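Residue numbers for the sequence shown follow my numbering, beginning at 15 and rising by one.
Glycine is no exception: its CB is placed at the ideal position from the N, C-alpha and C atoms.
Quick caveat: nothing in here was measured; it's all calculated off a predicted structure.
Working notes, structure below.
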Amino acid sequence: MRFLITAGPTREPIDPVRYLSNRSSGKMGYALADAALARGHEVILVSGPVSIRAPEGVTLVPVETAREMYDAVAETIAGADVAIFCAAVADYRVAEVADEKIKKTDESLTLTLVRNPDILGSARNAFDFRGILVGFAAETEKLAEHALDKLRRKGCDLLAANDVSRTDIAFDRDENEVELFYKDGRREGLPLASKGQIAKEIIRRVEGLVE
Ligand code: CTP
15 MRFLITAGPT
25 REPIDPVRYL
35 SNRSSGKMGY
45 ALADAALARG
55 HEVILVSGPV
65 SIRAPEGVTL
75 VPVETAREMY
85 DAVAETIAGA
95 DVAIFCAAVA
105 DYRVAEVADE
115 KIKKTDESLT
125 LTLVRNPDIL
135 GSARNAFDFR
145 GILVGFAAET
155 EKLAEHALDK
165 LRRKGCDLLA
175 ANDVSRTDIA
185 FDRDENEVEL
195 FYKDGRREGL
205 PLASKGQIAK
215 EIIRRVEGLV
225 E
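Given below as structure tokens:
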């Protein structure tokens with residue numbers, strides 16, 4: 015099958031030398047790409063800036079901003095059987111990027127932010143994607159409630175949620191623990207394990223959804 019996977023953070027420029035971003039390392043998305051490849055699938059990996067190397071054999075589409083990621087997904091999703099949105103996309107970008115480096119002239123500086131497009135939220139409508147759709151959710155509270163709401167709102171078949179208020183898992187860690195929420199109401203916990211192991215489990219379940 016053909017997998018499209020988004021991974022890593024996005025980087026939203028403020029001026030030529032500064033940007034807004036987040037703590038995503040890309041490890042989970044890259045582990046998913048690895049696991050899908052190992053199962054013999056084709057993988058397109060649309061990735062924000064990360065410091066890890068893409069697994070050999072994937073088609074890497076490097077991007078920086080959320081809008082670039084949106085465009086890359088819009089161009090590639092039609093050929094995919096499965097789309098997994100693991101990227102930590104910045105919800106907002108700076109309204110007006112300064113052409114020159116901003117100088118520290120005043121005591122305070124106000125940046126106006128505007129909403130970025132919701133890439134996962136565009137899959138079913140704007141991109142008309144009919145394949146298996148998998149989302150991720152990083153939550154700090156009311157995990158199940160928020161995860162179920164996201165699953166339905168974004169038209170996912172499966173949503174993997176993790177609790178980012180915990181310091182032992184998620185951002186930049188090698189381990190993760192996720193709760194899986196399925197469209198049909200099933201719910202399943204994947205206990206603490208390496209991101210590689212979690213990725214294998216997720217790919218196996220995704221394959222099960224296709225059969
Ligand atoms: N996502 C995306 N494009 C965005 C924002 C998020 O594709 N602009 C995807 C992420 O890759 C992830 C899922 O959406 O799979 C969850 O992201 P999140 O930001 O938690 O979802 P929101 O609905 O924006 O939730 P919140 O209200 O918590 O910001």
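Those residues which DSSP pairs with residue i across a bridge
{"i": "residue 176", "result": "152"}
{"i": "residue 61", "result": "21, 76"}
{"i": "residue 111", "result": "Paired residues: none, contrary to the question."}
{"i": "residue 33", "result": "27"}
{"i": "residue 46", "result": "Note: residue 46 sits in no beta bridge, so no partner."}
{"i": "residue 102", "result": "23"}
{"i": "residue 16", "result": "56"}
{"i": "residue 146", "result": "96"}
Unbroken beta strand (DSSP E) run spanning residue i, endpoints
{"i": "residue 203", "result": "201-208"}
{"i": "residue 98", "result": "96-99"}
{"i": "residue 127", "result": "127-129"}
{"i": "residue 194", "result": "189-196"}
Nearest residue (CA-CA) to residue i, options the options
{"i": "residue 176", "options": "135, 62, 159, 152", "result": "152"}
{"i": "residue 60", "options": "33, 88, 49", "result": "88"}
{"i": "residue 23", "options": "39, 31, 30, 122", "result": "39"}
{"i": "residue 133", "options": "125, 150, 66", "result": "150"}
{"i": "residue 82", "options": "97, 95, 93, 101", "result": "101"}
{"i": "residue 162", "options": "85, 190, 145, 198", "result": "198"}
{"i": "residue 139", "options": "173, 36, 92, 212", "result": "92"}
{"i": "residue 190", "options": "200, 196, 179", "result": "179"}
{"i": "residue 57", "options": "36, 32, 41, 90", "result": "90"}
{"i": "residue 64", "options": "29, 173, 206, 185", "result": "185"}
Residue i: first and last residue of the uninterrupted alpha helix (DSSP H) it sits in
{"i": "residue 81", "result": "80-90"}
{"i": "residue 165", "result": "157-167"}
{"i": "residue 134", "result": "133-136"}
Integer-rounded CB distance, given that residue j should sit under 8 angstroms from residue i
{"i": "residue 112", "j": "residue 130", "result": "Contact flag wrong, Cβ pair sits at about 18 angstroms."}
{"i": "residue 21", "j": "residue 43", "result": "2 angstroms"}
{"i": "residue 188", "j": "residue 209", "result": "6 angstroms"}
{"i": "residue 18", "j": "residue 97", "result": "5 angstroms"}
{"i": "residue 94", "j": "residue 145", "result": "6 angstroms"}
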